[in-house]
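Visitor: The structure under discussion is supplied below as structure tokens; questions concerning it will follow.
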Amino acid sequence: MDKLFVPVVEKVFARIDEKNEALLAARESDDPQVRASVRGMRPTGPVTKQRILATIRTVLAAAMREHVVTFNAAALVKLDGGQKAKGVVWTKARVEAFNVAFEQRFAAERAAPVQPKKPLERFRIWLATPRPSKVMIWTPAQLGAFLDYAADDRLYALYHLIAFRGLRRGEACGARRVDLDLDEGTLLVAKQLSNVGKAVKEGAPKTDSSDAPIALDSGTVAALRASGARQLEEQRAWGEGWQDSGRIFTREDGTELTLDWVSEHFERLAFAAGLPPIRLHDLRHCAATLSLAAGNDMKTTSAMLRHSSQGITSDLYTTVLPELAHASVALVPRAAATTEASETGGLPTVSQRQDGRPTDSGEAKKHQVNATIESRAGGT
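So the sequence shown is numbered by UniProt numbering: it starts at 1 and just counts up by one.
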């Protein structure tokens with residue numbers, strides 16, 4: 001440790017940059033085997049590098065206090081970037097500008113002299129069209145439109161849980177039935193799934209404060225009950241072929257969900273519903289901004305999100321409050337009127353049928369998602 005000079009610490013990040021470049025080069029390779037070898041792998045981003053540097057800095061600071069080293073080399077290392085993107089709301093003007101850019105991009109791709117081997121897919125162009133920020137947030141009306149559209153989807157409860165209770169993707173996909181108490185309305189976030197290379201691994205939640213019970217509102221409880229009933233039906237249909245992974249949300253055969261597939265499925269639903277694009281992680285941001293705009297303070301919202309500090313919550317979400325100030329946040333508009341909202345801290349519960357299942361929307365899916373996408377695509 002006493003040999004950790006500034007050049008040594010800088011070399012750590014130089015190696016990270018080299019690996020990032022190799023990964024990006026492999027993604028663009030003409031060799032399909034090379035591309036396949038890095039599928040599911042992501043480069044180390046600037047925020048992650050800042051976290052690595054912060055960890056080294058903390059370790060060396062402790063070593064200085066113990067007189068193991070005489071100075072903190074990491075404190076003298078400067079990295080480019082690392083600032084988290086601020087949340088931006090999909091206002092009417094931004095949606096209109098995005099749609100114009102999307103249509104122009106699709107028209108340009110279709111008019112290109114050299115056409116790709118695969119037919120152009122409007123969904124892919126929509127997904128690749130630049131957005132005002134990496135972190136985009138739906139308005140309450142847009143969130144309600146998505147939930148109405150996805151009401152009959154088998155992963156509806158997963159997306160509902162993230163949107164109203166702010167779980168991370170890995171936490172929702174890793175949630176276990178043994179940690180869920182629907183009678184008490186609580187879910188303990190004890191495990192999460194994450195991508196490690198090509199594999200999906202189970203591990204502890206992201207931070208110490210992440211490992212905490214979450215209070216569930218009545219609408220979320222009802223959605224989870226319906227999801228559980230569907231899972232039992234699938235188990236009976238699969239018979240001995242059904243595999244019990246213990247997860248609340250699974251594939252039809254009971255096995256764990258693939259994280260990237262869950263994200264793409266969400267994006268395809270949003271596209272088919274005619275909404276502007278957001279990442280699946282941005283549903284968590286929707287939960288936060290709705291909580292703040294409904295009158296909850298930063299401390300309450302930070303506790304709901306299980307952030308390691310209130311400052312993280314403030315840095316991420318303060319900028320979006322003015323744009324939500326004129327939006328109706330007493331409820332997320334749904335196709336059918338919601339009733340009990342008192343248990344949600346100012347947030348609405350999802351509309352329910354008498355049988356406890358999520359209510360259909362007049363705009364809810366009448367066909368499978370892919371069929372809807374094809375109709376929007378105009379046959380590609």
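Beta carbons: idealized from backbone N, C-alpha and C, even for Gly.
Predicted model only: the values in this text are computed from it and were never measured.
#1: SER328 to VAL196, Cα distance in whole Å?
#2: Checking 8 Å against the spacing of the C-beta atoms, do GLU252 and GLU234 come in under that value?
#3: With DSSP as the reference, identify every bridge partner of LYS201, one or two as the case may be.
#4: My output table needs one value for ILE137: the three-state DSSP class, helix, strand or coil.
#5: Identify every residue that forms a DSSP beta bridge with ARG176.
#6: Do you know offhand how far GLY219's Cα is from THR91's?
#7: Under the three-state reduction of DSSP, which class applies to LEU24: helix, strand or coil?
#8: For CYS286, which residues of its own chain have a beta-carbon under 7 Å away from its beta-carbon, when the five flanking residues on both sides are left out?
#9: Within 8 Å, do at least three Cβ pairs link the segment 176-196 to the segment 268-275?
#10: Suppose the cutoff is 8 Å on Cβ atoms and the five residues either side in sequence are ignored; what does the same chain contact list for ARG15 look like?
#11: Work out the CA separation of GLY241 and PRO130 for me, nearest whole Å.
#12: Using CA coordinates, which residue listed in ALA288, ILE214, LEU193 is at the minimum distance from PRO205?
#13: Which term fits PHE106, buried or exposed, when burial requires 16 or more other beta carbons within 10 angstroms of its beta carbon?
#14: Specify, as a first and last residue, the run of the beta strand (DSSP E) that ASP187 falls within.
#15: At the level of alpha carbons, what is the spacing between HIS67 and VAL77?
#16: Hey, ARG57 and GLY166 are a contact pair by Cβ (cut 8 Å); roughly how many whole angstroms apart?
#17: Let me know the secondary structure DSSP gives ILE214 once reduced to three states.
#18: Going by beta-carbon coordinates alone, are LEU258 and VAL200 separated by less than 8 Å?
#19: Pull up the distance between the alpha-carbon of VAL88 and that of PRO132, whole angstroms please.
#20: Please name the residue in ASP17, VAL95, VAL6 whose C-alpha comes closest to that of PHE71.
#21: Assign ASP282 to one of three DSSP states: helix, strand, or coil.
#22: Less than 8 Å between the beta carbons of ASN95 and PRO277, yes or no?
#23: Do residue 410 and GLY246 have their CB atoms nearer than 8 Å?
#24: With H, G and I counted as helix, E and B as strand and the rest as coil, what does DSSP make of VAL6?
#25: Return no unless some Cβ of chain D is closer than 8 Å to the Cβ of THR70.
#26: Could you check where the alpha helix (DSSP H) with PHE106 kicks off and where it finishes?
#27: Could you have a look at GLU256 and say whether DSSP puts it in helix, strand or coil?
#28: Among VAL221, ALA128, LEU23, which has the Cα closest to the Cα of PHE102?
#29: With distance defined between alpha-carbon atoms, name the residue in LYS11, ARG279, MET41, ALA150 nearest to ALA25.
#30: From ASN20 to ALA74, what does the alpha carbon distance come to, in whole angstroms?
#31: Tell me the DSSP bridge mates of ASP181?
#32: On a Cα-Cα basis, can you pick out the residue from LEU60, ASP80, ASP153 that is closest to residue 385?
#33: How close, in whole Å, do the beta carbons of ARG154 and SER263 come, if the pair is a contact with beta carbons under 8 Å?
#34: Below 8 Å between beta carbons: does that hold for LEU23 and PRO43?
#35: Between LEU147, ALA93, HIS265, which lies nearest to ARG334 when the distance is taken from Cα to Cα?
Guide: Let me lay it out:
#1: Residue placement at SER328 cannot be trusted, given a pLDDT of 40 that sits under 50; the coordinates are not used to answer.
#2: The Cβ atoms of GLU252 and GLU234 lie closer than 8 Å to each other.
#3: Answer is SER194, bridged to LYS201.
#4: Reduced to three states, the DSSP call for ILE137 is strand.
#5: According to DSSP, ARG176 bridges with ARG247.
#6: Answer to the nearest angstrom: the Cα atoms are 27 Å apart.
#7: Here LEU24 carries a helix assignment [DSSP, helix/strand/coil].
#8: Same-chain partners within the cutoff: ILE137, TRP138, LEU143, ALA163.
#9: No: fewer than three Cβ pairs fall under 8 Å.
#10: Excluding positions up to five away in sequence, the list is empty.
#11: For PRO130 and GLY241, the distance between alpha carbons rounds to 43 Å.
#12: For the set ALA288, ILE214, LEU193, the Cα lying nearest the Cα of PRO205 is the one of LEU193.
#13: Looking at its Cβ environment, which holds 16 or more other Cβ atoms inside 10 Å, PHE106 is buried.
#14: Inspection of the sequence shows that residue 187 is occupied by Leu rather than by Asp. From DSSP, the beta strand (DSSP E) with LEU187 extends over 186-188.
#15: Roughly 21 Å between the two C-alpha positions.
#16: About 29 Å; that fails the 8 Å criterion.
#17: Residue state, collapsed to three classes: strand.
#18: Note on identity: in this sequence residue 258 is Thr, with Leu being the wrong assignment. Yes; because the gap between Cβ atoms is below 8 Å, this pair is in contact.
#19: Between VAL88 and PRO132, the C-alpha separation is close to 7 Å.
#20: Comparing alpha carbon positions, the residue from ASP17, VAL95, VAL6 closest to PHE71 is VAL6.
#21: Note: ASP282 maps to helix in three-state DSSP.
#22: Note that residue 95 is Val in the sequence shown here, rather than Asn. No.
#23: Because the chain is modelled from 1 through 380, residue 410 falls outside the range shown and cannot be assessed.
#24: Three-state result, VAL6: helix.
#25: No chain D is part of this structure, which consists of one protein chain only.
#26: From DSSP, the alpha helix (DSSP H) with PHE106 extends over 92-111.
#27: Strand.
#28: The candidate whose alpha carbon is nearest that of PHE102 is ALA128.
#29: With distances taken between Cα atoms, ALA25 lies closest to MET41.
#30: The straight-line gap from Cα to Cα measures roughly 21 Å.
#31: For ASP181, the pairing in a beta bridge is given by DSSP as THR186.
#32: Any question about residue 385 goes unanswered here, given that the chain covers just 1 to 380.
#33: Their Cβ separation, rounded to whole angstroms, is 16 Å, which puts ARG154 and SER263 out of contact at 8 Å.
#34: Yes, these two residues count as a Cβ contact at 8 Å.
#35: Closest option to ARG334, Cα to Cα, is LEU147.
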